[in-house]
Each structure stands twice: as C-alpha cells, then as structure tokens.
Amino acid sequence: MAIIKVSTSVFSLIKTVERAIQRASQGDTILVAAGKYKEALTIEEDVSISAKIAEHALIEGIIIVPKGKRLLLENITLHPTSQIFVEGTLHLINCVVKGALSNVLLSLNGGNVVAEKCQFTGATDVAVVLLNKSRASFEDCYFESNEKSHLLIEDSTIELVNSELLKSNHAVWLKSNSDAVLEQVRIHHHTGTQIIVQDASTLHMQGCGLEHGEGNGIYASKQSKIHINGTVIQHHALPQLWIQNSQLHVTNSQVNYGNESGLMLRECAEATITNTSFSHHKIANVQLTLES
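Using numbering that gives the first Met the number 0, read the sequence shown as starting at 0 and increasing by one per residue.
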C-alpha cells in the first residue's frame, strides 16, 4: 500500500486529487497538503484521502462512490457542488461538510456511511438523505442550519450516538419502514416538528434530550413505533408527543413544560408508560381520542 502525495505547490508532481486517484491502487493512501482543490472524483479503487490535522485541505466539487467501492476521508473540509453520492461505502473521520453550493450534502442509494467527529452544516434542503436500504452511523457528529431537515431516511437504517442536531425545520424524518436508533443525542431549536416518524417506521431513543421546538417534539403516524427510555422532552409549542395510529413505549423519562399537551393519542394509537413523569403542560398532560 503506497502513499501518494498531492499538493498545489508548483514543485509537486501531483497537483490534483483526481490525478492521484487515477494512479492509486487498492488500499493506497492519498495525502493531501493544505490548499483548495476543485475536483470531480469517482472512486475507482478502495482508497483513503487524508490531510494532516493541523492543515486546512478543502475539496470543492463532486464525489461519487460507486457500488462495491470504499472511500475513507479524514481531516478534510468538503464543499460539495452536487451531493456526495454513495452507493458503496464511505467512512468520514473529523471532516467538515458545508453546504450553500448544494441542496443536499450527502446522498446514499443503497450505500453505507460511517461518520465520526464530523460536522454537517448549511445545506439548502437536507444534510443527509438515505434511500433504498442504505445504512448510516454517526458518532460525535454535529448538524446545524440545514434548512429543511438534517436527516431524511426512507426505507433505510440510521444510528446516531453522542451527537447534536439544531437549527433546521426538522431534525430527523423517517419514512417507509425506516429504523433509527438515537443514543445520547441532543436535539433542539427546530422551527417545525423535531422528529417525524411515518409509514411503519421505528424510532428508538436512549438517554436523549429533545427540547425547545416550535412544533411537536415527536410526530408519529401510519403504524409507526416509538421506544423512548431515559430521555427528557420539554419546551415544545405543540403537543410534545403526537402519536397517531401508532404505538408509544416510554420508560424512565420526563415530559415536562409544554405549551399545549404532553401526549396526544389519536386514531387508534396505543401508549405504554412506565416510571415517567408528565407535568407542567398548559392544556393537559395526556390527551386521547375515543379510539385510543
């Protein structure tokens, strides 16, 4: 496995990441010096692209990871001009992915992503989209100011651990039999419902904080399932938990200080509540229709 060095210096033999990828063999590492690289990259071999942590290496352009290929990016700032498209496997370590040039930062179509200590900011629509049985894992990651939603998951699976999501319309939107596991995640200050769960999707929350939203905390519908444990939910403008034709299981949690109700059950919804407090709501702690 070789190390291929890339630099914008006039003395460098390889001045573009694209050229380094063309020369790379399976398992090679491409070491990028500080600088701005305008690139259109299609990964042809399993490679790593990294920079020294003290240097500022910025890649602006297009990145495609085809099915069956693997790409590791470490200590890189990314300004995608079109969504980073992944059908293979992408591993991000200590990267910053910034929007403004693309409506979606990262799009998976049956692909896999693992992100550690990364930031996703500034998308004009959505930071990360998962489609068609994609899988993603985010640990110690930060999502801010992605306009419509940070995460849109459809028929896919996602795990978030020790991460923070803030300042969007929605934090997480699950559709079409998707599954999300959130552990030690802080979600706050969204202008709409913070978490939407639809179409027989499942949400698991463990040790999370869900606070200060201008809509619902969680809205679940169409035979979805919500499992909440050890979580604090508070300060929402609309009912903090809106469960419609879905199931809620909540244990060892707190649902407090809402502008309307703590829990709304509608249209044959079911809830199992254990060792959990509902308090300080202006309308009611728990509301339900006759069918629930």
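Don't be surprised by glycine CBs; every beta carbon is placed ideally from N, CA and C.
Contact under 8 Å by Cβ, residue i with residue j
i    : j    : result
I157 : A122 : no
L247 : G216 : no
N108 : N131 : yes
A170 : V196 : no
N111 : S133 : yes
L72  : I42  : no
DSSP beta-bridge partners of residue i
i    : result
G212 : H235
G87  : Answer is none; G87 lacks a bridge partner.
V112 : L89, A135
Residue i - containing alpha helix (DSSP H), residue span
i   : result
A19 : 16-22
Nearest-angstrom Cα separation, counted from residue j out to residue i
i    : j    : result
I225 : A23  : 46 Å
I62  : V85  : 8 Å
K116 : S291 : 42 Å
Q243 : C267 : 7 Å
A50  : I75  : 6 Å
N284 : Y256 : 9 Å
I299 : K68  : Absent from the structure is residue 299, since the part of the chain shown begins at 0 and ends at 291.
S252 : D124 : 32 Å
L165 : A179 : 18 Å
Host beta strand (DSSP E) of residue i (start-end)
i    : result
S136 : 134-138
K166 : Careful: K166 lies outside any beta strand (DSSP E) and carries neither H nor E.
T28  : 28-31
G34  : 34-41
P79  : 76-79
D178 : 178-182
M263 : 260-265
Q25  : From DSSP, Q25 is part of no beta strand (DSSP E); its letter is neither H nor E.
G257 : 253-257
T271 : 269-273
S278 : 276-280
Spatial neighbours of residue i in its chain, beta-carbon cut-off 6 Å, leaving aside the 5 residues before and after
i    : result
A32  : S6
L181 : L159, M204, C207
V254 : I232, Q239, G261, F277
H65  : Residue identity differs from the one stated: residue 65 is Pro in this sequence, not His. E86, G87.
A126 : L104, F119, F142, N145, H149
K174 : E153, Q197, D198
G34  : T7
T273 : T250
Beta-carbon proximity list for residue i, same chain, < 8 Å, skipping 5 on both sides
i   : result
Q39 : Residue 39 is actually Ala in this sequence, not Gln. Closer than 8 Å at Cβ, skipping near neighbours: E17, G60, I61.
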